[in-house]
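Here the structure is laid out as structure tokens; the discussion comes afterwards.
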């Protein structure tokens, strides 16, 4: 699971960190999520001080938002409260797993670095206009997603060997996302298994989320992206996937309102988002460590330590 820092505050998430994708269905089904971690620590210097993320707090906030959203949808769809036993089981299974998708780790490093750069740029300007720096960050990630999709390459470990795979195939004007397998290690059992995933859908979703933010806070700039920067992937030329979406839409169009709507726990968080409030950097202040020494530059990222620092009981108590 990869995540990004959203810039738009709404009723569900105050300047949220959202998982990509928002897989609340896996929580409710007690199916583990494989977390992705940066391949290196982001450290930026400003006015003699060194800025980096508190990664334990960062991931704790990620889990809090995921479970908060899960609990809200669970109440809406099933009219009952999420149970701690369900959450605890999901968490214990998830934190055992380690990803070996090198490209996702590099992507996450870039996204976090871009956001921290935007924050430092905000601190360094006299007028302190967060909107301008956030827009530049959004443009940076949109361009980054376009470049990653255009490259059509992803690196993973498969059966203990590093492999380079294609993200999609092109045929007859359509893009057909490839299904890729990668090694997933269970740190408790010490076993490595292969799990399949579709990277193209993740990149497209990530791009769509940043385009959505762009449209909300910079509508004029968004219009200019329509032909210049939005790639084929965002035009929904997804072979068999586009056919599935058309059938789903046709089915919903035929619903005259007399039938009960199917309960769908994979609801897109953007569908019901309210009018955004002011763009702000307030949340990042809680997630950043400021040091006057260079010690933070030599510290490596320890995924097991980060996950072990997360108090799932405390998080559950906060969201209920």
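Numbering (our numbering), first residue to last: 4 to 323. We treat Cβ as the ideally placed atom computed from N, Cα and C, and that holds for glycine.
Runs of 3 residues minimum, wholly inside the segment 92–122: which ones carry the beta strand (DSSP E) assignment? 100–102
On the DSSP bridge assignment, give the partners of residue 48 in chain order. 53
Which of helix, strand or coil does DSSP assign to residue 202? helix
Near residue 322, what residues of its chain come up, given a Cβ to Cβ distance below 6 Å and the 5 sequence neighbours on each side ignored? 70, 71, 74
The segment 131–140 contacting the segment 150–158, beta-carbon criterion three pairs below 8 Å: no
Kindly list the residues whose CB is nearer than 6 Å to the CB of residue 264, restricted to its own chain and excluding five residues on each side of it in sequence; keep chain order. The pLDDT assigned to residue 264 is 41, lower than 50, so where the model puts this residue is not dependable, and the model offers no usable value.
8 Å contact criterion, which residue 133 and residue 283 should meet: CB distance rounded: 6 Å
Could you compute how far the alpha carbon of residue 177 sits from the alpha carbon of residue 193? 41 Å
From the DSSP secondary-structure annotation, give me the bridge partner or partners of residue 197. 186
Does the contact criterion of 3 or more C-beta pairs under 8 Å hold for the segment 24–35 versus the segment 287–296? no
Between 162, 204, 189, 161, which lies nearest to residue 179 when the distance is taken from Cα to Cα? 204
In chain order, which continuous runs of the alpha helix (DSSP H) of length 4 or greater are located wholly inside the segment 281–322? 287–290, 298–301, 306–311, 315–322
With C-beta atoms as the reference, is residue 169 less than 8 Å away from residue 195? no
Does the segment 179–190 come into contact with the segment 99–111, if we say contact requires no fewer than three beta-carbon pairs (one atom in each stretch) closer than 8 Å? yes
Evaluate residue 246 with the Cβ neighbour count: other Cβ atoms within 10 Å of its Cβ, from every protein chain shown; 16 or more gives buried, anything less gives exposed. Residue placement at residue 246 is flagged as unreliable, the pLDDT there being 40, under the threshold of 50; a coordinate-derived value is accordingly withheld.
Of the residues 93, 161, 202, 190, the one placed nearest residue 308, counting alpha carbons only: 190
Tell me the residue span of the alpha helix (DSSP H) that contains residue 133. 133–154
For residue 217, three-class secondary structure by DSSP: helix
Just how far apart, CA to CA, sit residue 249 and residue 208? Residue placement at residue 249 cannot be trusted, given a pLDDT of 42 that sits under 50; what the coordinates show is reported in the next sentence. Using only the alpha carbons, I get a separation of about 18 Å.
Just the C-alpha distance for residue 61 and residue 78, rounded to the nearest angstrom, thanks. 26 Å
For a test of the three-state rule: what should DSSP assign to residue 86, helix, strand or coil? coil
With a Cβ-Cβ cutoff of 8 Å, do residue 45 and residue 119 count as a contact? yes
Kindly identify the DSSP beta-bridge partner or partners of residue 160. 165
First through last residue of the beta strand (DSSP E) which encompasses residue 178: 177–180
According to DSSP, is residue 173 part of a helix, a strand, or is it coil? strand
Residue 81 lies in the alpha helix (DSSP H); which residues open and close that run? 58–81
Measure from the alpha carbon of residue 298 to the alpha carbon of each residue in 47, 40, 29, 91, then state which is nearest. 47
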